[in-house]
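Asks: Sharing a structure with you now.
In the numbering used here, the protein residues as written are 11 to 758.
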């Protein structure tokens with residue numbers, strides 16, 4: 011999605027550990043799966059300008075150093091002590107043995123804490139030693155697993171990646187088992203039976219703990235609980251395998267220069283792509299290569315071949331695996347008394363029921379139909395004119411290409427030429443300044459200490475008024491072999507109020523894939539890359555600005571169909587001329603800024619094909635819901651056909667005999683029965699950003715920014731999410747701004 015960039019690694023909702031659904035997230039938001047990656051980096055535009063002082067600066071930053079002196083983390087410790095916070099980096103596991111040791115230690119400590127809860131009598135039990143203690147018992151495991159997750163997706167050593175996958179399975183199996191401990195459950199129920207008078211976050215934690223135990227089947231007979239435990243353990247392992255199969259699926263297609271007609275010169279000159287035979291080997295699993303070809307290659311057969319290979323890259327392993335995943339999910343839902351897996355998964359979200367989610371998506375599909383039809387006619391005419399065939403039809407592999415043609419011809423927008431305005435460090439510094447001003451922050455570059463890659467960066471987030479340290483954000487900015495291939499925020503250390511009264515401030519990592527600097531130019535981003543950066547940094551702010559007491563509610567631990575909204579709204583900042591002028595300057599001549607008419611034409615181009623863009627996203631959401639609302643094993647055995655049929659009906663037909671859904675990571679990584687949440691959250695995002703737009707200071711309004719920080723970011727999931735949304739809006743939420751944005755007017 012252009013408006014929801016790569017989705018963050020499962021922004022863990024902590025009670026999910028108790029329910030045994032501690033799944034590895036696949037692609038985020040904040041972002042996209044392999045099927046929603048149209049925002050990913052395209053090939054670099056050719057620039058012949060000589061290296062400048064600015065280029066040299068960014069060449070230095072390729073080593074993660076930059077030209078400014080980095081602060082030592084120790085320099086923040088006096089302020090941390092004064093604020094009673096722990097502001098520190100984790101001790102990273104550097105060998106497979108250290109991974110094993112960390113996991114074993116976390117499990118051992120967690121078991122001891124759970125044992126202590128289990129031995130409490132009804133008279134001894136209270137909120138602190140029972141309910142809050144559960145949050146404590148899973149905390150070390152949470153942080154260990156999050157570190158392992160980062161290692162699995164970023165380590166340059168295969169042995170570490172393999173060990174991290176093995177360790178994730180082990181710790182998740184422990185979480186499943188812990189959620190089924192009857193002795194702990196009895197203590198919790200006995201305490202709840204005293205009807206304690208709790209308020210705020212404490213009351214919320216008790217309520218959700220009881221809910222999660224119910225959803226975990228603790229009221230079932232013992233033999234059914236054992237069956238459920240086995241199914242959940244198996245499901246977790248299969249989900250990890252599904253993700254690993256996608257990551258490991260490396261497929262390439264060899265093309266001649268003639269077959270790559272239309273490609274930019276710098277693409278054809280890229281040494282990474284050239285073979286000894288004078289041909290080009292394009293990696294279908296590498297996003298920037300794939301998207302560059304799909305947007306620029308004029309040969310239709312080239313585009314068709316590449317999308318076909320990409321769509322089938324995990325087919326052999328993941329078709330039988332996902333069939334089993336679907337059947338296992340259905341079994342779990344039936345055991346727990348739900349009609350289907352979708353109803354089970356959506357119960358804890360804003361939508362509450364699968365029907366509500368499906369109806370929301372269906373309403374958008376129907377509402378967009380007239381504009382979708384008009385857009386398809388427009389694109390078909392472009393193809394007919396180019397091919398000379400008046401009966402030419404727009405196929406799936408044509409969409410990126412003819413949308414790009416439309417941008418260049420009708421709107422005179424060539425995004426590759428705009429990249430000179432988006433030098434990476436200019437963008438970073440500009441973004442930092444914007445969020446410092448809006449949210450009352452100070453962002454400082456810090457020495458990272460241990461680095462898993464040489465150009466790793468680290469930033470400290472400080473409250474500008476008090477000087478209190480708030481959090482730390484790693485940035486792993488550039489693509490490399492075997493690295494996570496999309497854009498996401500990963501948790502590292504979750505925020506939590508500790509028993510000694512100190513607050514553990516959060517640490518997160520942005521794992522992204524922006525184009526690196528070359529010998530003659532710095533790292534240059536597309537405008538959509540800048541959107542991605544603002545979005546993902548929004549997730550990071552949501553995490554590090556938390557003030558929630560419990561890890562269960564910290565930061566992005568909010569309903570899954572809301573979690574994207576606070577980040578989606580920040581994408582609006584990069585479409586505002588006054589905001590862009592703060593940092594979007596030509597790196598060769600800083601006096602030059604993006605002309606206002608160019609930005610206007612970019613906006614027009616975006617809305618010219620907004621219906622086809624949304625219908626594509628809605629097709630993913632609807633096939634996800636359809637598969638998980640079913641209890642018919644025929645649908646599970648034929649999930650590829652079911653998915654392709656929905657894709658064909660709502661958007662465009664996939665290539666014949668392909669199975670794109672087998673590499674659709676969201677379906678097995680935390681967004682199962684939840685992909686609808688992107689559009690759902692976007693509706694909330696549009697409503698939230700309307701508050702900024704109507705304020706005296708517009709998008710830079712500090713009062714509204716403070717309210718966003720206090721009512722959304724700081725609260726996390728510590729209260730009902732509608733309460734937080736309404737507190738920020740100053741009213742009940744409305745769909746009107748979203749419907750207006752996508753051109754549906756007053757259609758509700």
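Backbone N, C-alpha and C fix where the C-beta goes; we use that ideal spot for every residue, glycine too.
Please go through the same chain and pick out, in chain order, the residues whose beta-carbon is closer than 8 Å to the beta-carbon of residue 617, but skip the five residues on each side of it.
Replies: Reading the chain shown from its first residue, position 607 is the one you call residue 617. The answer, listed in chain order, is 753.
Asks: Which residue or residues does DSSP assign as beta-bridge partners of residue 499?
Replies: Here residue 499 refers to the residue found at position 489 of the chain shown. Paired residue(s): 520.
Asks: For residue 157 and residue 595, which I take to be in contact (beta-carbon distance under 8 Å), what is that distance rounded to the nearest angstrom?
Replies: If you number the chain shown from 1, residue 157 lands on position 147. If you number the chain shown from 1, residue 595 lands on position 585. Not a contact, Cβ separation roughly 38 Å.
Asks: According to the Cβ coordinates, are residue 256 and residue 173 closer than 9 Å?
Replies: The count along the chain shown starts at 1 and reaches residue 256 at position 246. The count along the chain shown starts at 1 and reaches residue 173 at position 163. No, the Cβ-Cβ distance between residue 256 and residue 173 is not below 9 Å.
Asks: Taking a contact to mean a Cβ-Cβ separation below 9 Å, would you say residue 310 touches residue 408 in this structure?
Replies: Working through the chain shown from its first residue, we reach residue 310 at position 300. Working through the chain shown from its first residue, we reach residue 408 at position 398. Yes, these two residues count as a Cβ contact at 9 Å.
Asks: Short check: CB of residue 682 to CB of residue 634, under 9 Å?
Replies: On the chain shown, residue 682 is found 672 positions in, with the first residue counted as 1. On the chain shown, residue 634 is found 624 positions in, with the first residue counted as 1. In contact: residue 682 and residue 634 (Cβ atoms closer than 9 Å).
Asks: So what's residue 473 in DSSP terms, helix, strand or just coil?
Replies: Counted from its first residue, the chain shown places residue 473 at position 463. Reduced to three states, the DSSP call for residue 473 is strand.
Asks: With three or more beta-carbon pairs closer than 8 Å as the criterion, would you say the stretch 260 to 270 touches the stretch 312 to 330?
Replies: Counting Cβ pairs under 8 Å, three or more are found: they touch.
Asks: Assign residue 52 to one of three DSSP states: helix, strand, or coil.
Replies: The count along the chain shown starts at 1 and reaches residue 52 at position 42. Low local confidence applies: a pLDDT of 32 at residue 52 is under 50, so the model's placement there is unreliable, with the coordinate-based value given in what follows. If DSSP states are grouped into helix, strand and coil, residue 52 belongs with coil.
Asks: So, at 8 Å on beta carbons, what are the nonlocal neighbours of residue 225 in its own chain, with the 5 sequence-adjacent residues on each side left out?
Replies: Taking the chain shown and counting its residues from 1, one reaches residue 225 at position 215. Correct list, in chain order: 29, 346, 354, 357 and 358.
Asks: Identify, in the order they occur along the chain, each residue of the same chain with its Cβ nearer than 6 Å to the Cβ of residue 481, setting aside the five sequence neighbours on each side.
Replies: Taking the first residue of the chain shown as position 1, residue 481 is located at position 471. If we look at residue 481 and ignore the five residues flanking it on each side, its Cβ neighbours are 471, 515, 516 and 554.
Asks: Look up residue 565 in the DSSP assignment and say whether it is helix, strand or coil.
Replies: Numbered from its first residue, the chain shown carries residue 565 at position 555. Note: residue 565 maps to coil in three-state DSSP.
Asks: Where do the ends of the alpha helix (DSSP H) carrying residue 263 lie?
Replies: Taking the chain shown and counting its residues from 1, the one referred to as residue 263 is at position 253. Element bounds for residue 263: not the alpha helix (DSSP H) but the beta strand (DSSP E), 262 to 265.
Asks: Residue ranges of each alpha helix (DSSP H) run of no fewer than 4 residues wholly in the stretch 235 to 292, ordered along the chain?
Replies: Listed in chain order, they are 275 to 278.
Asks: For residue 648, which three-state DSSP category applies?
Replies: Start at 1 with the first residue of the chain shown, and residue 648 comes out as number 638. It is coil, neither helix nor strand.
Asks: Mapping DSSP to helix, strand and coil, what is residue 514?
Replies: In the chain shown, the residue the question calls residue 514 occupies position 504. Residue 514: strand per DSSP, three-state reduction.
Asks: In chain order, what residues of the same chain have a beta carbon less than 6 Å from the beta carbon of residue 342, not counting five sequence neighbours either side?
Replies: Reading the chain shown from its first residue, position 332 is the one you call residue 342. Around residue 342: 241.
Asks: Less than 7 Å between C-beta atoms, sequence neighbours within five positions excluded: which residues of the same chain meet that for residue 747?
Replies: Taking the chain shown and counting its residues from 1, the one referred to as residue 747 is at position 737. Hits under 7 Å: 696, 697 and 700.
Asks: For residue 234 and residue 111, what's the separation of their Cα atoms in angstroms?
Replies: Along the chain shown, one-based indexing puts residue 234 at 224. Along the chain shown, one-based indexing puts residue 111 at 101. The alpha-carbon atoms of residue 234 and residue 111 are separated by roughly 33 Å.
Asks: Which runs of the alpha helix (DSSP H) fall wholly inside the stretch 391 to 444 and span at least 4 residues, in chain order?
Replies: Counting only runs of 4 or more, we get 409 to 419 and 425 to 428.
Asks: Which full runs of the beta strand (DSSP E) of 3+ residues lie inside the stretch 526 to 614, going along the chain?
Replies: Within the stretch 526 to 614, the complete beta strand (DSSP E) runs of at least 3 residues are 599 to 603.
Asks: By how many angstroms is the C-alpha of residue 474 removed from the C-alpha of residue 600?
Replies: As a working mapping, residue 600 is identified with position 590 in the chain shown. As a working mapping, residue 474 is identified with position 464 in the chain shown. Answer to the nearest angstrom: the Cα atoms are 28 Å apart.
Asks: What number of angstroms, rounded off, separates the C-alpha of residue 292 from the C-alpha of residue 303?
Replies: For the purposes of this step, residue 292 is taken as the residue at position 282 of the chain shown. For the purposes of this step, residue 303 is taken as the residue at position 293 of the chain shown. When rounded, the distance between both Cα atoms is 9 Å.
Asks: Roughly how many whole angstroms lie between the Cα atoms of residue 315 and residue 659?
Replies: If you number the chain shown from 1, residue 315 lands on position 305. If you number the chain shown from 1, residue 659 lands on position 649. Approximately 22 Å between the Cα atoms of the pair.
Asks: Between which two residues does the beta strand (DSSP E) containing residue 479 stretch?
Replies: Mapped onto the chain shown, residue 479 falls at position 469. Per DSSP, residue 479 belongs to the beta strand (DSSP E) from 479 to 486.
Asks: Given that a residue counts as buried once 16 or more other Cβ atoms are within 10 Å of its Cβ, and exposed if not, what is residue 491?
Replies: Locating residue 491 in the chain shown gives position 481, counting from the first residue. Looking at its Cβ environment, which holds fewer than 16 other Cβ atoms inside 10 Å, residue 491 is exposed.
Asks: On a CA-only basis, which of 444, 449 and 439 is nearest residue 455? Give me that one, please.
Replies: In the chain shown, residue 455 corresponds to position 445, counting from 1. Of 444, 449 and 439, the residue nearest in Cα terms is 439.
Asks: With respect to the beta strand (DSSP E) encompassing residue 3, which residues constitute its N-terminal and C-terminal limits?
Replies: As shown, the chain starts at 11 and ends at 758. That puts residue 3 outside it, with no answer to give.
Asks: In or out: residue 626 buried (at least 16 other Cβ within 10 Å) or exposed?
Replies: The count along the chain shown starts at 1 and reaches residue 626 at position 616. Residue 626 should be labelled buried.
Asks: Between the C-alpha atoms of residue 732 and residue 366, what's the straight-line distance to the nearest angstrom?
Replies: For the purposes of this step, residue 732 is identified with residue 722 of the chain shown, where counting begins at 1. For the purposes of this step, residue 366 is identified with residue 356 of the chain shown, where counting begins at 1. About 16 Å.
Asks: With distances taken from CA atoms, which of 271, 518, 493 and 205 is nearest residue 295?
Replies: Translated into the one-based positions of the chain shown, residue 295 becomes position 285. Selected option, being the one with the closest Cα: 493.
Asks: When burial is assigned at 16 or more other CB atoms within 10 Å of the CB, is residue 741 buried or exposed?
Replies: As a working mapping, residue 741 is identified with position 731 in the chain shown. Result: exposed.
Asks: In the stretch 695 to 755, which residue ranges form an unbroken alpha helix (DSSP H) of at least 4 residues, counting only runs that do not cross its ends?
Replies: Runs of the alpha helix (DSSP H) inside the stretch 695 to 755: 712 to 718, 731 to 739 and 746 to 751.
Asks: Which residues in the same chain as residue 401 place their Cβ atom closer than 7 Å to its Cβ, once the five residues preceding and following it in sequence are excluded?
Replies: Working through the chain shown from its first residue, we reach residue 401 at position 391. Correct list: empty, nothing qualifies.
Asks: Throw me the rounded Cβ distance for the residue 535 and residue 434 pair, which I believe falls under 8 Å.
Replies: Within the chain shown, numbered from 1, the residue matching residue 535 stands at position 525. Within the chain shown, numbered from 1, the residue matching residue 434 stands at position 424. About 6 Å; that satisfies the 8 Å criterion.
Asks: Over the uninterrupted alpha helix (DSSP H) stretch that includes residue 317, give me the two end residues.
Replies: For the purposes of this step, residue 317 is identified with residue 307 of the chain shown, where counting begins at 1. It spans 310 to 321 - the alpha helix (DSSP H) in which residue 317 sits, taken as one unbroken run.
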